[in-house]
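2 protein chains.
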Amino acid sequence: MKRTALAKADCPVARALDAIGDWWSLLIVRDAFDGLRRFGDFQKNLGIAKGMLTARLRKLVDAGVLEQVAASDGSAYLEYALTKRGHDLFPIVVSLRQWGEAHLYARGEPHSVLLDQAGQAVGQLVLPSKSGRPLSWADTKVRKVAARRR
Amino acid sequence: MKRTALAKADCPVARALDAIGDWWSLLIVRDAFDGLRRFGDFQKNLGIAKGMLTARLRKLVDAGVLEQVAASDGSAYLEYALTKRGHDLFPIVVSLRQWGEAHLYARGEPHSVLLDQAGQAVGQLVLPSKSGRPLSWADTKVRKVAARRR
DNA sequence: GCAACTGGTCTCATTATAAGACCAGATTGA
DNA sequence: TCAATCTGGTCTTATAATGAGACCAGTTGC
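Just so you know, the protein sequences line up as chains A and B, in that order.
Quick note: to get the working numbering, add 1124 to the position in the first sequence (first position is 1).
Quick note: to get the working numbering, add 1124 to the position in the second sequence (first position is 1).
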């Protein structure tokens, strides 16, 4: 059977996962944040099958996350660049990174680190209330829509 | 071929995706944040195949995201509850939600909303520098590890 | 005591993924 | 200039994952 479609869900989490919640898409986006732009660069860095990469890039372009632009080196080739919508994925990539750092590495095990321009490690993501007070999961609840789908 | 394994990657994003970056896992976690705890509740709410759900729940328990606990209603059945590590996934779910809200709904299209205890919509996730200044993607860069894998 | 509910397991058909052969156009180097 | 190589794909094939639902044992409700 076909993979379940969540694109019409009432829950933004479900729609987001439908759009970019597969194995490769977020890794491609992560690499794009690291400055990769060419088909071959993604393919080499990720070790992804070329057919998969072709399909994923196409899907990300269709989703408005990436766009094809003329190569920055003046050659006839195209490059893939993050759009505004793609740059907005930054908190998702960062939240995944911070959870991974906190829970998936043994003490002392090396991993890449996110730094600010000054070379300082960044802080933890914060969810503020309207008034600026930091919120934890226990401070929130979801108001659902009438009830239609999922 | 087997799905590519990222569990040993140097990049925390890759490891996080390896652990919880599949179609269903984050939806299960989202539902757990909404208070669902029983096998049947997840199955009905997600419309997921039972075999899939069994596999996903087992994987999440193995990953330390969920744990089986005695049913809160005193029956002989078990329930699945978020662990500390599971609760730490909150920013990931919120970031997906906020991106979905911003880019995947037409103007006026209804969707569920995250509220604080006072019933106020929450603010946007913020990534602070060590000194508390909010950072955007353009203010950061990744320092990679020596170079070993992906 | 028995019908319905719960939480699964198993099988089957379909779809997705991984790996790599193959290819046309662009680029490079001698 | 023109052959070798690079780029960005497409296609095929084998294997793994997914979706749907039949089936089942233990639990509960009546």
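Quick reminder that beta carbons are idealized off the backbone N, C-alpha and C, glycines included.
Per-residue burial, residue i [other beta carbons within 10 Å of its own, 16 or more giving buried]
i: alanine 1133 of chain A; result: buried
i: serine 1149 of chain B; result: buried
i: glycine 1164 of chain A; result: exposed
i: glycine 1256 of chain A; result: exposed
i: aspartate 1142 of chain A; result: buried
i: alanine 1140 of chain B; result: buried
i: serine 1199 of chain A; result: exposed
i: arginine 1182 of chain A; result: exposed
i: proline 1136 of chain B; result: buried
i: alanine 1270 of chain A; result: exposed
i: glycine 1159 of chain B; result: exposed
i: valine 1217 of chain B; result: buried
Closer than 7 Å: residue i CB and nearest the ligand GTP heavy atom
i: valine 1193 of chain B; result: Summarising the ligand content, the structure contains no ligands, and the ligand GTP is consequently not present.
Minimum Cβ-Cβ distance from residue i to chain A less than 8 Å
i: isoleucine 1152 of chain B; result: no
i: glycine 1232 of chain B; result: no
i: leucine 1141 of chain B; result: yes
i: phenylalanine 1214 of chain B; result: yes
i: arginine 1274 of chain B; result: Its pLDDT being 39, under 50, arginine 1274 of chain B is placed unreliably by the model, and the measurement read from it follows with that caveat. Answer yes: the Cβ-Cβ gap between arginine 1274 of chain B and chain A drops below 8 Å somewhere.
Min CB distance residue i to chain B below 8 Å
i: valine 1218 of chain A; result: yes
i: lysine 1268 of chain A; result: yes
i: glutamine 1167 of chain A; result: no
i: glycine 1198 of chain A; result: no
i: arginine 1209 of chain A; result: yes
Close Cβ partners of residue i (< 8 Å) along its chain, the five nearest in sequence each way excluded
i: methionine 1176 of chain A; result: Trp1148
i: leucine 1170 of chain A; result: Trp1148, Leu1151, Ile1152, Asp1155 and Leu1177
i: aspartate 1146 of chain B; result: Arg1180
i: glutamine 1167 of chain B; result: Lys1174 and Leu1177
Option nearest residue i by Cα separation, candidates the options
i: leucine 1213 of chain A; options: A/Tyr1201, A/Val1189, A/Trp1261 and A/Tyr1204; result: A/Val1189
i: alanine 1245 of chain B; options: A/Thr1264, A/Asp1197 and A/Gly1198; result: A/Thr1264
i: serine 1161 of chain A; options: A/Ala1143, A/Pro1136 and A/Tyr1201; result: The sequence given here has arginine at residue 1161 of chain A, not serine. Of the listed residues, the one whose Cα sits closest to arginine 1161 of chain A is A/Tyr1201.
i: lysine 1268 of chain A; options: B/Leu1259, B/Arg1267 and B/Leu1239; result: B/Leu1239
i: isoleucine 1144 of chain B; options: A/Ala1270, A/Val1266 and A/Leu1220; result: A/Leu1220
i: alanine 1262 of chain B; options: A/Lys1208, A/Ala1262, A/Gln1192 and A/Leu1184; result: A/Lys1208
Cut-off 7 Å between Cβ atoms - residues of its own chain near residue i, not counting five sequence neighbours on either side
i: glycine 1243 of chain A; result: none
i: glutamine 1222 of chain A; result: Gln1248 and Leu1249
Other residues of its chain near residue i: CB distance less than 6 Å, five sequence neighbours each side excluded
i: serine 1196 of chain A; result: none
Given 8 Å, three or more beta-carbon pairs between the segment 1248-1262 of chain A and the segment 1239-1254 of chain B: Remark: three or more beta-carbon pairs, one from each stretch, lie closer than 8 Å, so the segment 1248-1262 of chain A and the segment 1239-1254 of chain B are flagged as touching.
Inter-stretch contact at 8 Å, needing at least 3 Cβ pairs: the segment 1224-1240 of chain B / the segment 1220-1232 of chain A: No: fewer than three Cβ pairs fall under 8 Å.
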